[in-house]
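Heads up: the sequence shown begins at 1 in UniProt numbering, then just goes up one per residue. Notes follow the structure.
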Amino acid sequence: MIDGTAELGLKLPAPAVTPDEIEQLVAVLDRAAKEPTVTEPGRRKRPPGWLYAEEIAERMGMLADESLDQAVRWVRKIASAAAPAVVSFPGSPGYKLWQHCTVEEIDHCIEAFESQGRDMIKRAVLYRQAYHRRFRGARQDSTTPAAAPTLVP
Numbered sequence: 001m002i003d004g005t006a007e008l009g010l011k012l013p014a015p016a017v018t019p020d021e022i023e024q025l026v027a028v029l030d031r032a033a034k035e036p037t038v039t040e041p042g043r044r045k046r047p048p049g050w051l052y053a054e055e056i057a058e059r060m061g062m063l064a065d066e067s068l069d070q071a072v073r074w075v076r077k078i079a080s081a082a083a084p085a086v087v088s089f090p091g092s093p094g095y096k097l098w099q100h101c102t103v104e105e106i107d108h109c110i111e112a113f114e115s116q117g118r119d120m121i122k123r124a125v126l127y128r129q130a131y132h133r134r135f136r137g138a139r140q141d142s143t144t145p146a147a148a149p150t151l152v153p
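So, in structure tokens, the structure goes:
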């Protein structure tokens, strides 16, 4: 018998991050903050205390069981669950513990998220406006594709 959930279009929830995984990530970042910053050949230079997701995955032993892409996605998920203790933001040089961040790094983090939020809201408004221009007053069935909106500078 074939599992019927595929036919129903159900999406199963992703596995939850465990407290042990958060604890392990915090320990990796805490150790990294105390190490001298050494840029290995072929790697990007990073500021002190910051680790890239790839480095974290390697230090957490994830690469033995998963592909690099899967491990990096899982590091992101753990870091997200550990916020605000673990700091990472759009354009950040990786991941760092809050307790080791400078005031400037925290300010930059907050500003980056606020800026990203404003940009996302602007984009949502543009899509909503295009949607209303396209469908307001016009009766169309749900199978009719939406026309591309006019580009406005």
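Beta carbons are placed, not taken as given, at the ideal position from N, Cα and C, and that holds for glycine. Values in this document were obtained by computation on a predicted structure and should not be read as measured data.
| N- and C-terminal bounds of the alpha helix (DSSP H) containing residue 115 | Position 115 of the sequence shown, counting from 1, holds the residue named residue 115. Counting along the chain, the alpha helix (DSSP H) containing residue 115 begins and ends at 103-135.
| task | Whole angstroms is fine: what's the gap from residue 17's alpha carbon to residue 56's? | result | Working through the sequence shown from its first residue, we reach residue 17 at position 17. Working through the sequence shown from its first residue, we reach residue 56 at position 56. If you take the alpha carbons of residue 17 and residue 56, they lie about 15 Å apart.
| With distances taken between CB atoms, is the gap from residue 93 to residue 43 smaller than 9 Å? | Here the question's residue 93 lines up with position 93 in the sequence shown. Here the question's residue 43 lines up with position 43 in the sequence shown. No.
| query | Starting from residue 192 and walking both ways along the alpha helix (DSSP H), at which residues does that stretch end? | reply | Not covered by the structure: residue 192. The range shown for the chain is 1 to 153.
| Where residue 96 falls: helix, strand or coil (DSSP) | Counting from 1 along the sequence shown, the entry for residue 96 is found at position 96. Residue 96 falls in the strand class under three-state DSSP.
| query | What does a CB cutoff of less than 7 Å around residue 21 pick up in its chain, not counting 5 residues either side in sequence? | reply | Along the sequence shown, one-based indexing puts residue 21 at 21. Same-chain partners within the cutoff: 78.
| task | Throw me the rounded Cβ distance for the residue 86 and residue 68 pair, which I believe falls under 8 Å. | result | To locate residue 86, count along the sequence shown from 1; it is residue 86. To locate residue 68, count along the sequence shown from 1; it is residue 68. Residue 86 to residue 68, Cβ: 20 Å. No contact.
| For residue 95 and residue 53, believed in contact at Cβ under 8 Å, the rounded distance | Sequence index remark: in the sequence shown, residue 53 carries index 53 (1-based). Sequence index remark: in the sequence shown, residue 95 carries index 95 (1-based). Confirmed, Cβ separation roughly 7 Å.
| said: Bridge partners for residue 51 per DSSP, in chain order? | reply: Taking the sequence shown and counting its residues from 1, the one referred to as residue 51 is at position 51. Partner(s): 95.
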